[in-house]
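Q:
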Amino acid sequence: MTVSLEQLRRCHFAVDLGAARTRVYVKGAGLVVDEPSCAAVNTRTGALIAVGEFAERMTGRTPGYIRVVRPVSGGTVVDIEMAQRMLRQLLGEKLRRTLRRKPRLRAAACTPHDADPLAQRATVETLVGLGARRVELVDTLIAAAVGCGLPVEQPEATMIIVCGAATTQIAVLSLGAIVTADRIPVGGDAIDHAVVQHLRQHHELMLPSQSVRPLQLALSGNGLTPHGPEQTEIHGRDVATGLARSVHVDTSAVRQAIHTPLTAVLDGIGKVLRDCPPDLVADLADRGIMMVGGSALLPGLDHMLREATGMPVHIAERPDVCAVQGLGAMMEGKIEPMVLDPLAG
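Using the working numbering, you'd call the opening residue of the sequence shown number 51 and step up by one each time.
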């Protein structure tokens, strides 16, 4: 673990700055913010027009002088000032005033596995700008594992896959630490992009930009599993004429299209298992893989991983908020560290 549980218990609030959504957990109040990591800015005046859900709805629908920006990319803050402004608005005046009253305000934040010092510094500076005197950083993999109730502190293997919008992180954990892990620059956005490209090339159809999850909209339920419907109707814009058009899409062809980005995820799982001690791999054959993160809900994704690995694959109860809930559980002191007493001589 990047930081001790004792230090985390002194924190007052926790932030999970994701590429898709920003979540804030306040000690004693629970999850208070769960909004898209979006901000709409007036480029003429520099004024902030909207943040969160409202700003996301404005994507692709604004006049030239209004720009919708995403200050976080792949779990890393790329625009510190905009991230601070967005967080201030999302927290609201009342909550900010409550936090400012705390003496020596401390914050905790998730960082992607193997985040470079520059990315870590950007996260710290973002929260320091909100008034935090000290910021504790926790690996997203550890926080997510705690949040979905895995026995992280026990001497047994647990495998977790954090499916984010921009990246997928895979790890095997034991005794409260990461044994082996990998981060792949393929996430839910890449899978969405593969579907959009497939529809454009084979059906000459463009999906509206508001279809952030075209895959889920088009193939809800068990659409991407072999037992799902053979065809589904999708509405979009014709590439040549620009007119609205609907087409019947073969779901097996869509399944094939998203196999390409998923191959990188499967390679990552293979690499992590190859680097893992044999005793832990034997544990995983029974226990399987736990999937968390917003993209874990993509229909049929768990089925594909199950087929490729031959291991049981489970999706957490609320996969999208596992990381911030894990930080919250550690802040509230709900996680007891395993005490290893030295043997008496």
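Beta carbons: idealized from backbone N, C-alpha and C, even for Gly.
How should residue 104 be labelled, buried or exposed, when 16 other C-beta atoms within 10 angstroms of its C-beta is the threshold for buried?
A: exposed
Q: Can you tell me whether residue 372 is helix, strand or coil according to DSSP?
A: Helix at residue 372.
Q: Excluding the five sequence neighbours on either side, which residues of its own chain have a C-beta within less than 6 Å of the C-beta of residue 59, listed in chain order?
A: Taking residue 59 as the centre and dropping the five residues before and after it, the same chain places the C-beta of 383 closer than 6 Å to its C-beta, in chain order.
Q: Measure the Cβ-Cβ separation of residue 177 and residue 246 and say whether it is below 8 Å.
A: no
Q: In the structure shown, what three-state DSSP assignment does residue 167 receive?
A: helix
Q: Would DSSP call residue 69 helix, strand or coil?
A: coil
Q: May I ask you to verify whether the segment 365-373 touches the segment 183-195, counting CB pairs closer than 8 Å and requiring at least 3?
A: yes
Q: Buried or exposed for residue 172, please, with buried defined as at least 16 other CB atoms from any protein chain shown within 10 angstroms of its CB.
A: buried
Q: Give the DSSP-derived three-state secondary structure of residue 62 in the structure shown.
A: In this structure, residue 62 counts as coil in the three-state DSSP scheme.
Q: Looking at the secondary structure, which residues open and close the alpha helix (DSSP H) in which residue 179 lies?
A: It is not in any alpha helix (DSSP H) - residue 179 carries neither H nor E in the DSSP assignment.
Q: Given this structure, state the Cα-to-Cα distance separating residue 306 from residue 151, to the nearest angstrom.
A: 55 Å
Q: From residue 57 to residue 186, what does the alpha carbon distance come to, in whole angstroms?
A: 8 Å
Q: Just the C-alpha distance for residue 466 and residue 232, rounded to the nearest angstrom, thanks.
A: Residue 466 lies beyond the range of the chain shown here (51 to 395); nothing can be said about it.
Q: Residues bridged to residue 98 by DSSP?
A: 91
Q: Shortest alpha-carbon distance to residue 314 belongs to which of 223, 288, 213 and 343?
A: 213
Q: Suppose the cutoff is 6 Å on Cβ atoms and the five residues either side in sequence are ignored; what does the same chain contact list for residue 76 look like?
A: 63 and 82
Q: Under 8 Å between the Cβ atoms of residue 98 and residue 139?
A: One thing to note: residue 98 has its Cβ within 8 Å of the Cβ of residue 139.
Q: At the level of alpha carbons, what is the spacing between residue 381 and residue 200?
A: Distance between the alpha carbons of residue 381 and residue 200 is about 17 Å.
Q: Counting only runs that start and end within the segment 318-387, where is the beta strand (DSSP E) found for 3 or more residues in a row?
A: Every unbroken stretch of the beta strand (DSSP E) spanning 3 or more residues and falling wholly within the segment 318-387 is given here in chain order: 339-342 and 363-365.
Q: May I have the straight-line CA-CA distance separating residue 355 from residue 342, to the nearest angstrom?
A: 13 Å
Q: Using 7 Å as the cut-off, classify the Cβ of residue 159 as near or not near the heavy atoms of the ligand MG, replying yes or no.
A: The ligand MG is not part of this structure, which contains no ligands at all.
Q: Give the C-beta separation of residue 80 and residue 376 to the nearest angstrom, bearing in mind that I take them to be a contact with Cβ-Cβ under 8 Å.
A: Actually they are not in contact, since the Cβ atoms of residue 80 and residue 376 sit about 13 Å apart, beyond 8 Å.
Q: With a threshold of 8 Å, are at least 3 pairs of Cβ atoms found where one atom belongs to the segment 107-116 and the other to the segment 146-166?
A: no
Q: Tell me which residues share the same chain as residue 106 and place their Cβ nearer than 6 Å to its Cβ, disregarding the 5 neighbours each side in the sequence.
A: 86 and 88
Q: Taking DSSP as the reference, what is the three-state secondary structure of residue 224?
A: strand
Q: With distances taken between CB atoms, is the gap from residue 237 to residue 256 smaller than 8 Å?
A: Cβ distance not < 8 Å, so residue 237 and residue 256 don't count as in contact.
Q: Considering only residues of the same chain and omitting the five flanking positions on each side of residue 175, which have a CB-CB separation below 6 Å?
A: 130
Q: Grab me the residues of residue 223's own chain with a C-beta within less than 6 Å of its C-beta, minus the 5 sequence neighbours each way, in chain order.
A: 195, 202 and 208
Q: Taking the alpha-carbon positions, what's the residue 318 to residue 198 distance?
A: 22 Å
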